[in-house]
Amino acid sequence: MANINTGELLNFQDYSPEHNERSARIDVEAVHTNQYNNSMSNSSYTYEEPKIVEEPQSAPQTNHNFWTLEYYQKYFDVHTSEVVERIISSVLPQKVSRNYFDERIKGKPDLYGPIWISVTLIFTIAVSGNIANYLQSINKAVIWRYNYHLVSYAATAIVCYVWLVPLALWAALKWTTVPDGQDEMETQTPSTPTMISLFCLYGYSLSIYIPVAILWTIPISWLQWLLVLMAALVSGAVLIFWLLPALKKSKYFLILTSAIIGCHFLLAAGFMLYFFHVPDSQP
Amino acid sequence: MSGFDTKYDMYPAGDVGVVEGEMNVPSRGVPAGDSMEFNTLDEPIKETFLRDLRAVGNKFYHVLIPREKTSLLKEWDLWGPLLLCTFMATVLQGSTERADNSNDGGPEFAEVFVLVWIGAAIVTINSKLLGGNISFFQSVCVLGYCLFPIALSLIICRVILFTTQNTFLFFLRLVISMIGFAWATFAATKFLGDSQPEGKKGLAVFPICLFYFILSWLVVSHSNV
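So the protein lines, in turn, are chains H and E. Here the first sequence is numbered in full-length UniProt numbering, starting from 1 and rising by one per residue. Here the second sequence is numbered in full-length UniProt numbering, starting from 1 and rising by one per residue.
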């Protein structure tokens, strides 16, 4: 974090008298502003644990205000290949290394993926919900008209899910984790995942619903339920897989795990029943 | 640092020698004909109006044939986007009668209007967050002007809708609006693609695609006569 060489500063350095103490003053100021900025940036997100300092590329100092655009640029500092890799890791975790979440997502959580996956999912559900509605009414005599306001219902559901569930999970993990030893307190190893990384994980876990939402347009009831089960199980299982180290430390391991899976299943079933389902009782 | 300091000591402040040179104002170097450009107080209002219209039309032309990249970026304006957005919102708005079923049949005028502007703003903020070196309104201007192919496809679909509908005509409308979508995305990518750092181009293009896809979807699904 502090990319300033503290060892060099702490050492005794003699300054020759012809030095007009310009360089010395500049360095002292640099140290001062650095410490100030570090304390500032830490206080703005207090849930962030002390990161393991291993950033050789020395990212530019993030001393931007919370309200500026530059403050958020660190959450969008991803490349196309990284985003693709994260989407793959949310469906097929065996394709990436085993501690991918701990190393990559926790160290550098991005908001690009969650935001745009949610937006894509909102509009995919709205579009394919309309197509499903059209396919269901194709045999009936009524003239079909499309329903624009599916967008707002889908948006409400998804935004609530992506922001509220990780928040609840983060709180639950934070207050139910039992420290399993004194040494952990001393070394301060990161025990619970940060809030941003949970948002990131949840956002990417929604990506499987995008192809599923397109397949839901097929008006066959058992196929729709099969897709619900499959999608919820696969992405729920991957979520559990990545969160397993953190979940194990919690007192309520089973409750949290089943809550995660249950919420995921409820979301999928809710989508299917509300936007796509063929009502059985035909008038 | 020490090198700088020794230099600093060698040339103490106040003794920098004689400063000589000319101070040129670069904008004075324009040809004589252009100086009339700024003296528009006594010209007829028709000329002013036509000149602005010509600038807007010129940008529409550049969107249709996106060959040179800087034409839209140099002087942005929001007149073209406003025209296109108002036109699309007027045509696309759903009817108010909901006799047969609960579906609303289409968005309201304000919903399309807000969708276009908020969508363009969000796509622009996304490209700024990714680190693109382009100003906010330049990007909004390009995104707005690149709606032109979609607006054209809306006009054609509207004309098709006057005849009695069948499945073939529906697919014709689908194809036309997909061509409009591809064209708009191509043009916007051409204008905005270079502003992104290497390796992030795909991340910046995807929201643009999504934005135009949603608008094209509105064009296809607009079916109430």
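Glycine included, each C-beta is placed from N, C-alpha and C at the ideal position. As the structure is a computational prediction, the values presented were derived from the model and not from experiment.
Cβ-Cβ distances below 7 Å link E/P207 to V123, N126 in the same chain, with the five nearest sequence neighbours on each side left out; the list follows chain order. H/T192 and E/L174 have their alpha carbons spaced roughly 49 Å apart.
For H/N139, the closest Cβ of chain E is not nearer than 8 Å. In the structure shown, H/S137 falls within a coil segment according to DSSP collapsed to helix, strand and coil. Here the alpha carbons of E/G202 and H/L227 stand approximately 29 Å from one another. Residue-level contact check: H/L69 touches chain E, since one or more beta carbons of chain E fall below 8 Å from its beta carbon. Taking every protein chain shown into account, the CB of H/T194 has 16 or more other CB atoms within 10 angstroms, so this residue is buried. The residue from H/K251, H/M230, H/L243 with its alpha-carbon nearest to that of H/A268 is H/M230. Under a 10 Å Cβ-count criterion, H/G236 is classified as buried, with 16 or more other Cβ atoms of the shown protein chains found around its own Cβ. For the pair E/G180 and E/L161, the CB atoms are not nearer than the 8 Å cut-off. Neighbours of E/S221 in chain H, taken as residues whose beta carbon is under 7 Å from its own, are N130, Y146 in chain order. Residue ranges of uninterrupted alpha helix (DSSP H) with 4 or more members, entirely inside the segment 134 to 204 of chain E and ordered along the chain, are 136 to 145, 148 to 161, 167 to 192. Per DSSP, E/N126 is one residue of the alpha helix (DSSP H) stretching across 109 to 129. When rounded, the separation of the alpha-carbon atoms in H/P211 and E/S177 is 22 Å. Shown here, H/S197 sits in a helix according to DSSP, grouped into three states.
At a C-beta separation below 8 Å, E/F206 has these neighbours in chain H: W116. Counting along the chain, no alpha helix (DSSP H) covers H/F275, and no H or E run does either. Within chain H, the C-beta atoms nearer than 7 Å to that of E/G202 come from T80, in chain order.
Taking C-beta atoms as the reference points, E/L53 and E/L147 fail to come closer than 8 Å. If you look at H/V78, you'll find it isn't in any alpha helix (DSSP H); DSSP assigns it neither H nor E. When C-beta distances to chain H are compared with 9 Å, the residues of the segment 127 to 156 of chain E below that value are K128, L129, L130, G131, in chain order. H/W175 counts as exposed, since fewer than 16 other beta carbons sit within 10 angstroms of its beta carbon. Secondary structure at H/T177: strand, using DSSP grouped into helix, strand and coil.
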